[in-house]
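In my numbering, the protein residues as written are 5 to 48.
Data first, discussion second: the structure below is written as structure tokens.
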């Protein structure tokens, strides 16, 4: 039997005005993607 781990997460934007929620099986990657997306859109 194979075991899978999933994580519920709550992330926010820099000003803490928006919450992003979800489920992932790779929490460190999800946080990295969130930060990269935020940094990319702050430059625009």
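We put the beta carbon where it would ideally sit given N, CA and C, even for glycine.
Does DSSP put residue 27 in a helix, a strand or coil?
Stepping through the chain shown from its first residue, residue 27 is reached at position 23. If DSSP states are grouped into helix, strand and coil, residue 27 belongs with the strands.
Do you know how far the Cα of residue 45 is from the Cα of residue 18?
Position 14 of the chain shown holds residue 18. Position 41 of the chain shown holds residue 45. Between residue 18 and residue 45, the C-alpha separation is close to 12 Å.
CA nearest to the CA of residue 37, picked from 15, 21, 22, 20:
Stepping through the chain shown from its first residue, residue 37 is reached at position 33. The candidate whose alpha carbon is nearest that of residue 37 is 15.
Out of 43, 20, 29, 41, state which residue places its alpha-carbon closest to the alpha-carbon of residue 8.
Counted from its first residue, the chain shown places residue 8 at position 4. When only C-alpha atoms are compared, the closest one is 29.
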